[in-house]
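Novice: Starting off with a structure, shown below.
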Ligand code: UTP
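In this note's numbering, the protein residues as written are 413 to 710.
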């Protein structure tokens, strides 16, 4: 079935206003969960799914992100001299093969759909591609995009990661209009971006992982701004359905953290901190202590 997915797009051109003032000078994607920037989690997930080419849609002030993937010869030499092999190995994961990474600019933050459209000339007309939003961090036994690629290899079409949300939160997401629920896969009739309260067509929300047919890029050519005045990616995917092509939602197995929000970022910090063997004891003792102090204060 179809072509293998080997290219991934990382839209990282947003303003990150929810993390001001930090994001005045630090790209949101460089913010750190335990000891790795958000972007490293996204890259590791992409690599596990078989992605070989990485395209970043960036904007002004994202220089730190580009530097992050460069080799650091002085640092590497100094670690080598000091016999710090483990740290050298850690650094290796941040390096990219020559030509494997491309950066393209979105000159104005006109929305996620527009950011994806900015990369249209880097995707061939018959090439499916993945989109990963690094601020959605997913803890999973099998990385989320890998789960999706396996399903995509069977089904083709376009696919979005879907997650159940309580009705009162649906208006913050793109929501699936479900045609047929087949368990981990749902066939989709349409998608509504940020539905008004009480109008969401289901409780399945789209989160930041996609495998898209290149035809979505043609749809983006035609789309004017949607919800919130932004050019929405979900509108272009929904247009696929109108043109008779298949779109699926994929109920991934794993826990998603919205690291674009402060509460989500803090939750992820706790979860990923507790998952680290070297931190577990000290950190969990501290958390227990905090909880008992809070209870005592109530
Ligand atoms: P968000 O909706 O989280 O927006 O974007 P944001 O600008 O990053 O953050 P806030 O809301 O101001 O705090 C979701 C993803 O889409 C990218 C962002 O970089 C993020 O990865 N994006 C969004 C773009 O690349 N360009 C845009 O115009 C908008």
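Glycine is no exception: its CB is placed at the ideal position from the N, C-alpha and C atoms.
Assign residue 616 to one of three DSSP states: helix, strand, or coil.
Specialist: Strand at residue 616.
Novice: To which residues does DSSP link residue 480 through a beta bridge?
Specialist: DSSP lists no partner for residue 480.
Novice: Between residue 587 and residue 598, which are expected to be in contact by the criterion C-beta below 8 Å, what is the C-beta distance as a whole number of angstroms?
Specialist: About 12 Å; that fails the 8 Å criterion.
Novice: For residue 466 and residue 496, what's the separation of their Cα atoms in angstroms?
Specialist: Using only the alpha carbons, I get a separation of about 29 Å.
Novice: Identify which residue in 550, 702, 470 has its Cα closest to the Cα of residue 666.
Specialist: Minimum Cα distance to residue 666 is reached at 550.
Novice: Whole beta strand (DSSP E) runs in the region 508-584 with 3 or more residues, listed along the chain?
Specialist: Correct list: 513-517, 541-544, 548-551, 570-576.
Novice: Quick one: grab the DSSP three-state call for residue 493.
Specialist: Note: residue 493 maps to helix in three-state DSSP.
Novice: Please determine whether the Cβ atom of residue 586 lies at a distance below 7 Å from any heavy atom of the ligand UTP.
Specialist: No, Cβ of residue 586 sits at least 7 Å from all heavy atoms of the ligand UTP.
Novice: On the DSSP bridge assignment, give the partners of residue 444 in chain order.
Specialist: Answer is 449, bridged to residue 444.
Novice: In the DSSP assignment, what residue or residues form a beta bridge with residue 467?
Specialist: DSSP lists 421, 514 as partners of residue 467.
Novice: For the ligand UTP, is there any heavy atom lying closer than 7 Å to the beta carbon of residue 425?
Specialist: The answer is yes for residue 425.
Novice: For the ligand UTP, is there a heavy atom less than 7 Å away from the beta-carbon of residue 572?
Specialist: Result no, Cβ not under 7 Å from the ligand UTP.
Novice: How far does the alpha helix (DSSP H) with residue 592 in it reach, from first residue to last?
Specialist: From DSSP, residue 592 is part of no alpha helix (DSSP H) but of the beta strand (DSSP E) over 586-593.
Novice: How is residue 456 classed by DSSP in three states: helix, strand or coil?
Specialist: Three-state result, residue 456: helix.
Novice: Does the distance from the CB of residue 548 to the CB of residue 668 come in under 8 Å?
Specialist: The answer is yes: Cβ separation under 8 Å.
Novice: Can you list, in chain order, the residues of its chain with a C-beta nearer than 7 Å to that of residue 646? Leave out the 5 residues immediately preceding and following it.
Specialist: Around residue 646: 586, 603, 605, 618.
Novice: Is it the case that the CB of residue 522 approaches a heavy atom of the ligand UTP more closely than 7 Å?
Specialist: For the ligand UTP, at least one heavy atom lies less than 7 Å from the Cβ of residue 522.
Novice: Write down the C-beta distance between residue 506 and residue 480 rounded to the nearest angstrom, noting that I regard them as a contact closer than 8 Å.
Specialist: Yes, they are in contact, since the Cβ atoms of residue 506 and residue 480 sit about 6 Å apart, within 8 Å.
Novice: Would you mind working out which of 644, 600, 578 sits nearest residue 615, comparing C-alpha positions?
Specialist: Looking at the Cα atoms, 578 is the closest of the given residues.
Novice: Which of the three DSSP states, helix, strand or coil, is assigned to residue 609?
Specialist: Residue 609 falls in the coil class under three-state DSSP.
Novice: Determine the DSSP secondary structure at residue 668, reduced to helix, strand or coil.
Specialist: In this structure, residue 668 counts as strand in the three-state DSSP scheme.
Novice: So, helix, strand or coil for residue 601, using DSSP?
Specialist: Note: residue 601 maps to strand in three-state DSSP.
Novice: Would you say residue 646 touches the ligand UTP, meaning its beta carbon is less than 7 Å from a heavy atom?
Specialist: The answer is no for residue 646.
Novice: Beta-carbon within less than 8 Å of residue 463's beta-carbon, same chain only, minus the 5 sequence neighbours each way: which residues are those?
Specialist: Contacts found: 417, 418, 419, 420, 542, 557.
Novice: Can you tell me where the alpha helix (DSSP H) with residue 676 in it begins and where it stops?
Specialist: Its alpha helix (DSSP H) spans residues 674-686.
Novice: When burial is assigned at 16 or more other CB atoms within 10 Å of the CB, is residue 698 buried or exposed?
Specialist: Exposed.
Novice: Between which two residues does the alpha helix (DSSP H) carrying residue 700 extend?
Specialist: Run containing residue 700: 689-709, per the alpha helix (DSSP H) assignment.
Novice: Could you spell out the range, first to last residue, of the alpha helix (DSSP H) harbouring residue 627?
Specialist: Residues 627-634.
Novice: Give the DSSP-derived three-state secondary structure of residue 475 in the structure shown.
Specialist: Residue 475: helix per DSSP, three-state reduction.
Novice: Helix, strand or coil for residue 649? Go by DSSP, reduced to three states.
Specialist: Reduced to three states, the DSSP call for residue 649 is helix.
Novice: Along the chain, where does the beta strand (DSSP E) containing residue 657 start, and where does it finish?
Specialist: Where residue 657 is concerned, there is no enclosing beta strand (DSSP E), given that its DSSP letter is neither H nor E.
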